[in-house]
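What follows is a single structure, written as structure tokens, with notes after it.
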Amino acid sequence: MRRWLLLMAMAALPALATADEAALDATQESRYRALTQELRCLVCQNQNIADSNAPLAADLRNQVQAQIVAGRTDAEITRYLTDRYGDFVLYRPPFKAVTLLLWLGPALLVLLALALAWTFSRRSQRVPPAATVDPEQLKKLLDEQP
Amino acid sequence: MRFLVPVLVLVGLIVLFAVGLHHDPREVPSPLIGKPAPAFRLPLLGEEKLVSEAELKGRPLLVNFFASWCEGCQVEHPVLMKLAQEQQVEIVGMDYKDALPDITRWLQRHGNPYRKIVLDAQGTAGLDWGVYGVPETFVLNAEGVIVYKQIGPMTEDAWREKIAPLLAGARP
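From first to last, the protein sequence lines stand for chains A and B. Its first residue numbered 7, the first sequence is counted upward by one per residue in our numbering. Its first residue numbered 10, the second sequence is counted upward by one per residue in our numbering.
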């Protein structure tokens with residue numbers, strides 16, 4: 007009996023998950039999905055607010071939904087969140103002075119790796135000059151052997 | 010000479026890791042530092058009237074977001090009690106997402122270090138102040154501008170080394 011109750015409760019979970027999106031039309035809903043997937047939950051930092059079960063994520067989802075219904079643009083909603091939590095809430099941080107290294111770092115590392123590979127390959131191509139053998143000396147050396 | 014590049018790379022990595030390991034990713038820098046306290050209109054515990062952020066101006070103070078259900082708040086509570094008893098600073102409590110009977114019982118049990126307690130039952134002020142996990146403590150100067158944010162429990166070290174010097178400069 008208890009197992010059946012649990013199963014029924016689990017079957018009802020997806021309905022709960024979409025309940026708070028009910029008030030949105032199709033375009034609004036796709037905006038809602040896109041936004042909540044791009045916003046980071048500050049409690050469990052490796053989840054977006056769409057996936058997180060933290061109460062704060064639920065609050066932020068409600069905010070996003072309410073502001074979409076109120077007719078605010080995506081940029082305005084993002085601004086609302088960065089004003090409070092900083093760029094950290096964005097999974098896609100903006101390109102500015104403090105994030106320069108973050109955006110350009112990988113390209114710089116690739117350039118560095120290419121430069122190193124080039125210098126190393128040139129170094130290994132350099133063939134050492136062939137040893138010159140002086141026949142006289144060789145003979146002397148061989149004769150010295152006991 | 011031929012070891013110069015590997016050694017430089019190694020030193021660079023060590024510096025990078027040393028910085029990275031001492032950096033707590035859970036401490037998200039607040040964009041509110043240097044800005045006036047965000048607006049709110051909320052009830053006070055034990056009083057009929059609503060208060061706003063205007064109440065926070067005129068003297069330096071701590072705005073401490075806490076809750077009866079919060080573990081870290083019990084950890085920091087003795088520190089806040091001591092600050093209040095020694096009259097080091099005024100502390101305003103922001104009771105975050107809490108129920109009235111719970112918070113009343115909690116204060117009876119642990120003591121009340123707060124001059125005033127604002128009831129943020131829905132967490133709306135918490136949202137506007139960028140709170141993402143109680144306890145969090147904002148340090149306000151006499152102009153009502155946020156000068157520092159302590160994320161997680163208040164400690165005597167944080168008070169002595171970071172907050173007290175800031176407030177010493179902010180006192181009118």
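Positions of the beta carbon are idealized from the N, C-alpha and C atoms, including for glycine.
Between residue i and chain A, is there a C-beta pair that is closer than 8 Å?
i, result
"B/L136", "yes"
"B/G132", "yes"
"B/Y141", "yes"
"B/P181", "Its pLDDT being 46, under 50, B/P181 is placed unreliably in this model, and the value from its coordinates should be taken loosely. Judged by the 8 Å Cβ criterion, B/P181 is not in contact with chain A."
"B/P162", "no"
"B/P52", "no"
By the 10 Å Cβ neighbour count, where 16 or more other Cβ atoms means buried, how is residue i classified, buried or exposed?
i, result
"A/L144", "exposed"
"B/G29", "exposed"
"A/P141", "exposed"
"B/E145", "buried"
"B/V16", "exposed"
"B/S39", "buried"
"B/I112", "buried"
"A/I74", "buried"
"B/G23", "One point to set straight first is that residue 23 of chain B is Ile, not Gly, in the sequence displayed. Exposed: under 16 other Cβ atoms inside 10 Å."
"A/V139", "exposed"
"B/Q96", "exposed"
"A/A23", "Per-residue confidence for A/A23 stands at a pLDDT of 48, beneath the threshold of 50, marking its modelled position as unreliable; the derived number appears in the next sentence. So A/A23 counts as exposed."
"B/S77", "buried"
"A/E150", "exposed"
"A/Y97", "exposed"
"B/F26", "exposed"
"A/P61", "exposed"
Kindly identify the DSSP beta-bridge partner or partners of residue i.
i, result
"B/M103", "B/F74, B/V127"
"B/P45", "B/V154"
"B/Q159", "B/T146"
"A/R4", "This structure cannot settle anything about residue 4 of chain A, because the visible part of chain A is limited to 7 through 152."
"B/R50", "B/S61"
"A/L106", "Looking at the DSSP assignment, A/L106 forms no beta bridge with any residue, so it has no partner."
"A/L96", "A/L45"
At least one CB of chain B closer than 8 Å to the CB of residue i: is that the case?
i, result
"A/F101", "no"
"A/R2", "Outside the modelled stretch of chain A, which goes from 7 to 152, sits residue 2 of chain A, for which no answer is possible."
"A/Y97", "no"
"A/R85", "no"
"A/Q71", "no"
"A/G92", "yes"
"A/L62", "yes"
"A/D57", "no"
Does any heavy atom of the ligand NAP sit closer than 7 Å to the C-beta of residue i?
i, result
"A/E35", "The model on display carries no ligand, and the ligand NAP is accordingly not part of it."
### Message
Give me the subset of the region 115 to 145 of chain A whose CB atoms are less than 7 Å from a CB atom of chain C, sorted by chain position.
### Response
Considering every chain present, this structure includes no chain C. Its protein chains are A and B.
### Query
Can you list, in chain order, the residues of the region 28 to 54 of chain A whose Cβ is nearer than 8 Å to any Cβ on chain B?
Listed in sequence order: L48, V49, Q51.
### Message
Taking beta-carbon pairs under 7 Å, can you tell me which members of the region 63 to 78 of chain B lie near chain A?
### Response
Residues: none.
### Query
Does the pairing of the region 77 to 89 of chain B with the region 47 to 59 of chain B give three or more beta-carbon distances under 8 Å?
No: fewer than three Cβ pairs fall under 8 Å.
### Query
Does the region 153 to 173 of chain B come close enough to the region 117 to 128 of chain B to have 3 or more Cβ pairs within less than 8 Å?
With contact defined as three or more Cβ pairs closer than 8 Å, the region 153 to 173 of chain B and the region 117 to 128 of chain B are not in contact.
### Task
Inspect the CB distances between the region 112 to 123 of chain B and the region 42 to 53 of chain B and report whether three or more fall short of 8 Å.
Taking one beta carbon from each stretch, the region 112 to 123 of chain B and the region 42 to 53 of chain B have fewer than 3 pairs nearer than 8 Å; the two do not touch.
### Task
With 8 Å as the C-beta to C-beta threshold (strictly closer), list the residues of the region 32 to 45 of chain B near chain A in chain order.
Result list: P34, R35, V37, P38, S39, P40, L41.
### Query
Pairing CB atoms from the region 39 to 50 of chain A with CB atoms from the region 61 to 71 of chain A, are three or more of them under 8 Å?
The region 39 to 50 of chain A is in contact with the region 61 to 71 of chain A.
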